[in-house]
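As structure tokens, the structure follows; a few thoughts come after it.
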Amino acid sequence: MTEDSSQSGSSAPWAGREARRSQSEALRCGGFKEPAEAAEAEEVEQGPHTPGRGAARAKKRKAAAAAAPAPALQPVKLSKAELYKPPTSEELNQLKETEDLFHSSLLRLQIEELLKEVTLKETKKKKIDAFLHEINNLLSSIPETPETDITDQTWLPKGVKVPFLQVPFSVKGKFRFMPPAELSVVGSYLLGTCIKPEINVDVAVTMPREILQDKDNLNQRYHRKRAVYLAHIAQHLSKENLFGNVKFAYMNCNHLKPILLLRPQGKDEKLVTVRLHACPAPSFFKPSRFYPNKNNVRTAWFLEQGTPKEGAPEPATPHYNNSILCDTVLLSHLHFLSGVSTDFPGMKDGLALLKVWLNQRQLSKGWKGDGLAMGLGCFSGFLVSMLVAYLVMKRKIFKVMSGYQVLRNVLQFLGRQAGVGWIDPIFQGEDRHHIAAVFNVAEITVTLANGCTSLTSAGHPSLADFHHAFEVVFVDPSGLVNLCADMTASKYHQVQFEAKRSMEVLDDRMVDGFQALLMTSKPMLRTFDHVFHLKHVSKLQSACKKMQLLNELMDWGGNYVAAALPFIVSLLTHGLARRALLVAHSLPQTPEWPIDAEPPKHKDVGSLMFGLLFVPEFAASTLEKGPQADRPEATDFRTFWGEKSELRRFQDGSICEAVVWEADTICQKRLIPEQIVRHLLKLHADIPESSICYTGALLESVIKNGKKALGTGEEDMVNVVCSYDDLSRKLWNLEGLPLTVTAVQGVHPALRYTDVFPPIPMKPIYSFHKQIKTRHLLLPSEEKPCPAYITPLKIICHIEGSGQWPQDKEAIRRIKAAFHLQLAELLQQQHQFICRPAVTHTDVYKDGYVFRLQVAYHREPLILKEVVTPEGMLKYRDTEESQRLELETLHQPYLTSSLHGLHQQHPVFGSTCRLAKRWISAQLLSDSISEECVDLLVASLFLHPAPFTPPSSPQVGFLRFLNLLATFDWRNSPLIINLNAGLTDADCTEIKNKFVAARSRLPVMFIATPKDKWNSVWTQERPSVQILQRLLVLASESVRALEEQLMNPLSSQDVKIVFRPPLDHYDVLIHLNSNQIPRHLESVDWPVKSFSRGVVKNSAGVRILFPVVDYDPVQCYLQDLREAFNDLALFFYDKHGGEVIAVLWKPSSFQPQPFKVSSMKGRTVTTLNNELVCVPNIEAILEDFEVLGEGLVKRVEARTEKWTI
Amino acid sequence: MAAAEPRVAATAPPGYTALAVKFGARQRSPHCLLVKEHRVREGPADTHPPQRTLFVLNVPPYCGSEALSRLFARCGAVQAVDLRDKPGPGEKAEKGTSKFFTDRTATGFRVAYVVFRKPSGVQAAKALSQEGPLLISTDSHPVKTGISKWIARYAESVVDQEELKAEVDAYMQDYDKKVAEEEAKAAKEEGVPDEEGWVKVTRKGRKPGLPRTEAANLRVLEREKRKRARKELLNFYAWQHRETKREHIAQLRKKFEEDKQRIALMRAQRKFRPY
């Protein structure tokens, strides 16, 4: 987007437009001209969050902009000779391959580019190989140490700490260091499937047989030896100059399994991370000891009791067992995978794509701090490689397939089970089986791998054992290891869900699948409807106690986060069963740590984040209906919900257990899941409310009208629509009109649920106004504060076509006025509404609202368009007038009804829209972009959500809106919004092609809808290039600031910061008297002082004097200002209660111009270098600001330091 | 900005005289009106007779025609003040001055034609530049701005129903009469050949012709095209077959080229960095 502005003057596609708009619209100030600067400036204003990053980014962007010439799509022209030359066989082959293996050539090219971007270059590989060689040499030269007790670690030098939480400390066993028996590279590096940006090379360091003792499988002895072994290596290697960085980390955040990270010295530090895994000598341990139903951690030892209790059976420790087994099969897995990947070029590409896919969804790695980090129970790249291998075995994938087809098949496989229904892991039993049955490599691979592994078919643990021990089961070729041991069921469901969504996206030809699947990242905040943080995971300790998870704790070596997480998640999924499509959690992650530091504790995981994805129909229901009171399940229900559960009699006569949640307004109902989450966690896991930070409706306070308002206005909107429906019925049945009413269509935003502050019924107080009894109306009084703003709700009233209509535009105007008069009269007579007719409309006061009826005649736009050529041919040419009329009577009603329909399907559409508009208005840009345009942008989020699901909470919708604004490539692509599914695939292609061909003549923002494919009527006039640029910068800064606030549960979470506009860019600020701002209460920060506005709210009167309608002094003032100073300055204002009008001089206005009669406005003549020139008469203009706004303007603050004439 | 001494509004382009003008006594910086004698080569029928008309540039937004005529009243009796957005030849005088159906009046900084009763007024007005700044709003004749102006504007926007009705009725009567006359005239000419013998065919006649509109023309062309397409045989001859294949490959090539371009563009924008 930087390119946009830096060349906005010169680049070809904009040039024409630029000229047309004339420089008069160009802006001078830094924030508007140079986005990079703006970003920096923004950084300063928005204060506390990371000042450095933005600046650095801006610089980078600037550099990029300087390097790349203005890229823009041009229509392709090929000569005839080139098009029709005979094809070579090679070309034919390629065309055929493209057709067979990929959907389209574009996808093929895109994938090729992406792979180029993520695969490791050959030169880099050489460097890495050299580095590995050196490590190999160093490792074998580490000296031996004498034998000591494991607990005696005094021989380790000061500079290194054992990377293991040794609780309880005392274990038996001896340890001595000996150089590794074998070193081998395992994992993705050798297979060539590792992808940038994080290149990890896994090296298995085999500990010699002599180090290990007989009973090392017990009580973490093996794990501790492993840790001490690594500590000794670390201490030796840290002395070498070869390494820039020697650190410890937990393998996949499993704190039983520390690994050693080695990074090269100097500028290659970021190039590669070599990870040393210590593993036992092959076939040292007997596999049968580690079956999932065996115990290897003694309760007495774990609890530090003196003697074991007699007779008590020891619980199984499947996770512990699995962690040891994993170490024994590192090499065989490598052989297995390399066997599969030979002669299979598509596997490498496919895996790279799959890894990108997983990363974008934060399934394999999450963003932690500044880099990608593995988390506990992730769907890792290794896992996906094994899955591909499994599918090859199952003959689901063939070796001739392309990378794209591998991706498709894996997604197809994963997505197959999703959506069958939500599986509820508390009442599981067979459900667990269900997951596992999918994920069972064992049977087939064992038979295949029989020859190469030393395993005999006898004595494998049964699948049932696995299912009993683990939530997700994926058995490896050896038949012993569960590769998904750490994964929670919820995580697997998330993977399935994503896979299913992705398949739908790939099959939908209307969306750019590549972009949605591989290029869009899905951070939790933007994916899930509601998100909450568990601020302090240490609270899970008590949760473990409450849920009696001692065995699990022992199994996990005391890691209470890992032990409690599956139970917490299944608790929530059960509680939210009907409401939530998906309950997901972030992966617990621990940072790497330097070797001389203590290893991180369990609580260093930080805060855990949970995301909820709702079923819109049920998410907000207030009732949780349970089983009938006399059924046995009733007790379960009661224990699950605690005292919230009560007996209720239902309409069908049944008496059931039920939970009823308190919520009066729609916005409170949206927060019922919050109530449930808090209640359940308190009840079952002892997690206090204070350590849950729930961000579901934080933003909604800005669309509440005033401090006291209960709801966010949805109810008001419904009332308006009801009243409108009633009125339209009455209009239909009106008797006595010479022609009948054929259609009544609303056009006001409140009638499509997108008005930021919906009107509420109001009754005027007479004494507050000047009364004119003779004409039955009230006028604002000069002495009193400005009366409340009453919005006229505009309605178009189509009158039947007939030969009686005149065919002349002036006469039609008269006839329409006559209709307005008559409508008023008839409504007054037949329904006793009080009306106030005018030439262009009739205002009707009904139920406390004011409706503005406007009569329309369907042929009028045509009559305005008529042009007769000299030959007498009648042609229709668009004129400004006809376009305006079409907009009012055709496009606006259509849009209103379509969006009204959309709101019925997606109940949060309206609120999302309102948040978006509130933000734009708060940034003072509401007059620079049309309201309908914003509505459409938000509609696109609901109609084309890929890769997300349609938002079910305003917050996530708003975040995605900001992201859309900030990232959409307006220059090269049209935004196509398929309202009412009125566009076909072919239409979309046609729109795109025509768009490219005619780019320079089209508006900067191009939005196509089924009824408006070629013109983008809502963005014709506004926004201008500069305003759009400004909007993009503001959006990207806002989304960043907002996400930072929401992601940090420990901060104040002041989300209003993105609604407070930066005012430093502006040249003049006009401060207004708040008593003359009728919408003062709507401002973002609710005013301390408020004024009486002369109305009784929420009440309506009959037979009253007509109230003051559509009178907003600030808007009058702005209109006057713009009329007077349009070519000198731009005026910005927050129409929802802003106290400041910000003025920006146009850059061209300060340049002295030669005297011209037409350009003298507000200027004065002076001599410069003996020439007569005109310059703006700034002093006088500043005084004019005050004169024009007499009574409204408090003071004019001229920031004279910002400009020079 | 040099805020020190208010610029003396003495400089003026040749032919013009600069007059300083302020809103009220309280304001410090004046605007500068540029005035000159109105000179055009038009007949005396024009609304702005050259001798007696003063052309005024840069009239501030709060200065209406009343205020303007008061400003220049001291130079001689003012006959009319015409405020415009742009200078230009006088439009045809507002036919049938309608109270409700007038178009938008000029706003912002405007130009004005001030017509004096006597030519001497013009010269006297030019001489005003020697005096101090003129005041638009004085104690005796305050000009409404701001809140009071907007309230007044709001009050004005309320129309008198009876009056509006009367005006509409009158207009429509006139219009109906005019239409009736035209129809009568057309009916009279129906079927009557002109001097060269041509007969005008209208939709009203006994044999209505095809309407002469663009849409009708297009419809006819479209129908023709469809008819031709129906008759044509596809892939009947060998050469047609060849042609189709060739066309298909050409299409694919074109698409491929387009895609390549799109990719190049995306690469330039670094669109392939997944994260």
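Chains as they are written, first to last, in full-length UniProt numbering: chain A, 1 to 1205; chain B, 1 to 275.
All C-beta atoms in this analysis are idealised placements derived from N, C-alpha and C, irrespective of residue type, glycine included.
Using only alpha-carbon positions, find the residue among A:LYS80, A:SER767, A:VAL297, A:VAL410 that is nearest to LEU351 of chain A.
Considering only alpha carbons, the answer is A:VAL410.
Rounded to whole angstroms, how far is the Cβ of LEU237 of chain A from the Cβ of HIS277 of chain A, which I believe are closer than 8 Å?
Going by Cβ atoms, the distance from LEU237 of chain A to HIS277 of chain A rounds to 15 Å, so no, they are not a contact pair.
Looking at C-alpha atoms only, which residue of A:SER521, A:PRO477, A:PRO292 is the closest neighbour of ALA389 of chain A?
The residue from A:SER521, A:PRO477, A:PRO292 with its alpha-carbon nearest to that of ALA389 of chain A is A:PRO477.
Among residues of its own chain, excluding the 5 on either side of ASP85 of chain B, which ones have a beta-carbon nearer than 7 Å to its beta-carbon?
ALA106, ARG110.
Cβ of residue 1223 of chain A less than 8 Å from any chain B Cβ?
Because residue 1223 of chain A is not part of the residues shown, which for chain A are 1 to 1205, the question remains open.
So which residues on chain A does TRP239 of chain B lean against when the C-beta distance must stay under 8 Å?
Within 8 Å Cβ-Cβ: nothing; TRP239 of chain B doesn't reach chain A, min ~14 Å.
Does the ligand NAP have even one heavy atom less than 7 Å from the beta-carbon of GLU598 of chain A?
The ligand content of the structure shown is nil, which means the ligand NAP is not present either.
Do ALA112 of chain B and LEU68 of chain B count as a contact pair if the criterion is CB distance below 8 Å?
For LEU68 of chain B and ALA112 of chain B, yes; Cβs fall inside 8 Å.
Which residue's Cα is closest to the Cα of ILE655 of chain A: A:ARG678, A:GLY626, A:ASP343, A:TRP641?
Looking from the CA of ILE655 of chain A, the closest CA among A:ARG678, A:GLY626, A:ASP343, A:TRP641 belongs to A:GLY626.
Is the shortest distance between the beta-carbon of ALA12 of chain B and the beta-carbons of chain A less than 8 Å?
Yes, contact with chain A.
Complete runs of the alpha helix (DSSP H) confined to the stretch 592–648 of chain A [at least 4 residues]:
Counting only unbroken stretches of 4 or more residues, the alpha helix (DSSP H) elements lying wholly within the stretch 592–648 of chain A are 633–641, in sequence order.
Report the neighbours of LEU210 of chain B on chain A: residues whose CB is nearer than 7 Å to its CB, in chain order.
By Cβ distance, chain A contributes nothing, its closest Cβ being about 12 Å from LEU210 of chain B, past 7 Å.
Is the shortest distance between the beta-carbon of VAL1196 of chain A and the beta-carbons of chain B less than 8 Å?
No, VAL1196 of chain A does not count as interfacial toward chain B.
Can you list, in chain order, the residues of its chain whose CB lies under 6 Å from that of GLU800 of chain A, leaving out five sequence neighbours each side?
These residues qualify, in order along the chain: LEU739, THR740, THR742.
Give the DSSP-derived three-state secondary structure of ASN482 of chain A in the structure shown.
The answer is strand: DSSP assigns ASN482 of chain A an E or B state.
Taking all protein chains shown into account, decide if PHE1006 of chain A is buried (16 or more other Cβ within 10 angstroms of its Cβ) or exposed.
Looking at its Cβ environment, which holds 16 or more other Cβ atoms inside 10 Å, PHE1006 of chain A is buried.
If you run the structure through DSSP and keep just helix, strand and coil, what is SER332 of chain A?
Under the three-state reduction of DSSP output, SER332 of chain A falls in the helix class.
PHE177 of chain A versus LYS270 of chain A: straight-line alpha-carbon distance, rounded:
Those two C-alpha atoms are separated by around 31 Å.
Contact set for VAL392 of chain A: own chain, Cβ-Cβ below 6 Å, skip 5 residues either direction:
Within its own chain, the residues whose Cβ lies closer than 6 Å to the Cβ of VAL392 of chain A, once the five positions on either side in sequence are excluded, are VAL340, listed in chain order.
Which residues in the same chain as SER542 of chain A place their Cβ atom closer than 7 Å to its Cβ, once the five residues preceding and following it in sequence are excluded?
Excluding positions up to five away in sequence, the list reads ASP686.
Contact list for PRO780 of chain A against chain B, beta-carbon separation under 7 Å:
By Cβ distance, chain B contributes ILE151, TYR154.
Buried versus exposed, by CB contacts within 10 Å (16 or more), SER1099 of chain A
In the assembly as shown, SER1099 of chain A is an exposed residue. Its beta-carbon has fewer than 16 other beta-carbons within 10 Å.
For LYS172 of chain A, does the three-state DSSP call read helix, strand or coil?
Coil at LYS172 of chain A, not helix or strand.
Answer with buried or exposed for LEU363 of chain A, where buried requires no fewer than 16 other C-beta atoms within 10 angstroms of its C-beta.
When all chains shown are included, LEU363 of chain A counts as buried.
For LEU868 of chain A, count the other beta carbons within 10 Å of its own beta carbon; 16 or more makes it buried, fewer makes it exposed. Which is it?
In the sequence as displayed, the identity of residue 868 of chain A is Val instead of Leu. With fewer than 16 Cβ atoms within 10 Å of its Cβ, VAL868 of chain A is classed as exposed.
Count the CB pairs spanning the stretch 1026–1034 of chain A and the stretch 950–960 of chain A that are closer than 8 Å, and state whether there are at least three.
No contact exists between the stretch 1026–1034 of chain A and the stretch 950–960 of chain A.
Please classify SER89 of chain A: is it buried, with 16 or more other beta-carbons within 10 angstroms of its beta-carbon, or exposed?
A residue is called buried when at least 16 other Cβ atoms come within 10 angstroms of its Cβ; SER89 of chain A does not meet this threshold and is exposed.
Please tell me whether GLY1191 of chain A has its Cβ less than 8 Å away from any Cβ of chain B.
Closer than 8 Å to some Cβ of chain B, the Cβ of GLY1191 of chain A qualifies, so yes.
Within 10 angstroms of the Cβ of GLU1171 of chain A, are there 16 or more other Cβ atoms? Answer buried if so, exposed if not.
Exposed.
Give a yes or no on whether the C-beta atoms belonging to LEU78 of chain A and LYS254 of chain B are separated by under 8 Å.
Yes, the pair counts as a contact, with Cβ atoms nearer than the cut-off.
ASN235 of chain B classed as buried or exposed, judged by whether at least 16 other C-beta atoms fall within 10 angstroms
With fewer than 16 other Cβ atoms within 10 Å, it is exposed.
Thinking C-beta only, is ILE195 of chain A closer than 8 Å to VAL384 of chain A?
Going by C-beta atoms, VAL384 of chain A is not nearer than 8 Å to ILE195 of chain A.
Find the residues of chain D that neighbour PRO1113 of chain A, judging by a C-beta separation of less than 9 Å, and give them in chain order.
Of the chains in the structure shown, none is chain D; the protein chains are A and B.
Under 8 Å: do the stretch 131–151 of chain A and the stretch 173–190 of chain A share three or more Cβ pairs, one atom per stretch?
The answer is yes - the stretch 173–190 of chain A touches the stretch 131–151 of chain A, with three or more Cβ pairs under 8 Å.
Answer with buried or exposed for GLY197 of chain B, where buried requires no fewer than 16 other C-beta atoms within 10 angstroms of its C-beta.
Exposed, by the Cβ-count rule.
According to DSSP, is LEU924 of chain A part of a helix, a strand, or is it coil?
The three-state reading of DSSP puts LEU924 of chain A in coil, since its state is none of H, G, I, E or B.
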